[in-house]
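Trainee: Note that the UniProt record's numbering has the sequence shown beginning at 1, numbered continuously upward.
Note that CB positions come from ideal geometry on N, CA and C, so glycine has one too.
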Amino acid sequence: QLQLVLRWPTSFCNGKNCKRTPKDFTIHGLWPDSEAGELNFCNPRASYTIVRHGTFEKRNKHWPDLMRSKDNSMDNQEFWKHEYIKHGSCCTDLFNETQYFDLALVLKDRFDLLTTFRIHGIVPRSSHTVDKIKKTIRSVTGVLPNLSCTKNMDLLEIGICFNREASKMIDCTRPKTCNPGEDNLIGFP
Numbered sequence: 001q002l003q004l005v006l007r008w009p010t011s012f013c014n015g016k017n018c019k020r021t022p023k024d025f026t027i028h029g030l031w032p033d034s035e036a037g038e039l040n041f042c043n044p045r046a047s048y049t050i051v052r053h054g055t056f057e058k059r060n061k062h063w064p065d066l067m068r069s070k071d072n073s074m075d076n077q078e079f080w081k082h083e084y085i086k087h088g089s090c091c092t093d094l095f096n097e098t099q100y101f102d103l104a105l106v107l108k109d110r111f112d113l114l115t116t117f118r119i120h121g122i123v124p125r126s127s128h129t130v131d132k133i134k135k136t137i138r139s140v141t142g143v144l145p146n147l148s149c150t151k152n153m154d155l156l157e158i159g160i161c162f163n164r165e166a167s168k169m170i171d172c173t174r175p176k177t178c179n180p181g182e183d184n185l186i187g188f189p
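Below you can see the structure in the form of structure tokens.
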């Protein structure tokens, strides 16, 4: 299966020297896995192609390197290179490099989680139960997500799972949870 991992920048940047903190979910990665677990670094000879202009702009908007300024990201695309070599190299039988990045952008565009959160009363600087956040995500995706939190129990990432071809959303089969117990509160800073 594939997991689109969306990051909440405010949580990620807490205590870090981020160069920018968008006020919307951004892509962390598109991660393939198997029944045995997450697949990483499948092709040690994988390479990454630097992108420019329109491709850079679109990728930079939805999949930014939060630790670098936009200008610095144009010249230093290490974040995308890392994601492709670590994760994208594990699904080259289905997607070439361009298709891999384009697919992540298309999948993210299928739903607007921040607007969905607002509609359900989940706004920045608030806390909610794990169950409420999962149900809110499920209301727009129809599937069970993965939730990851910071050590302070703030929502860090949301994983949305797809079948291997990315043609259908599916329940995440090995869900991570932020906190044991669906009634426990997690922050949305």
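Assign Glu-157 to buried or exposed, taking buried as 16 or more other Cβ atoms, counted over all protein chains shown, within 10 Å of its Cβ.
Mentor: buried
Trainee: Determine the closest residue to Asp-24 out of Arg-118, Asn-184, Val-130 and Asp-183, with distance taken between C-alpha atoms.
Mentor: Arg-118
Trainee: Considering only C-alpha positions, which residue in the set Leu-30, Glu-83, Lys-108 and Asp-171 is nearest to Lys-134?
Mentor: Asp-171
Trainee: Report the rounded CA-to-CA distance for Thr-141 versus Phe-111, giving the unit in angstroms.
Mentor: So the two alpha carbons sit approximately 8 Å from each other.
Trainee: Count the other CB atoms, across all protein chains shown, that sit within 10 Å of the CB of Asn-40; report buried if there are 16 or more and exposed otherwise.
Mentor: exposed
Trainee: Counting only runs of 3+ residues fully inside the stretch 70-133, write out the beta strand (DSSP E) ranges in chain order.
Mentor: Counting only unbroken stretches of 3 or more residues, the beta strand (DSSP E) elements lying wholly within the stretch 70-133 are 126-129, in sequence order.
Trainee: Can you tell me whether Lys-108 is buried or exposed? The criterion is at least 16 other CB atoms within 10 Å of its CB, across all chains shown.
Mentor: buried
Trainee: For a quick check, are the C-beta atoms of Gln-4 and Ile-160 less than 8 Å apart?
Mentor: Correcting the residue type first, residue 4 is Leu in the shown sequence and not Gln. Contact flag set, yes.
Trainee: Going by DSSP, which residues form a beta bridge with Arg-164?
Mentor: For Arg-164, which the question treats as bridged, DSSP gives no partner whatsoever.
Trainee: Report yes if the C-beta distance between Ala-36 and Tyr-84 is below 8 Å; otherwise report no.
Mentor: Contact: no.
Trainee: Report the partner residues of Thr-26 according to the DSSP bridge assignment.
Mentor: Arg-7
Trainee: Would Thr-26 and Trp-63 be called neighbours here (beta carbons separated by less than 8 Å)?
Mentor: yes
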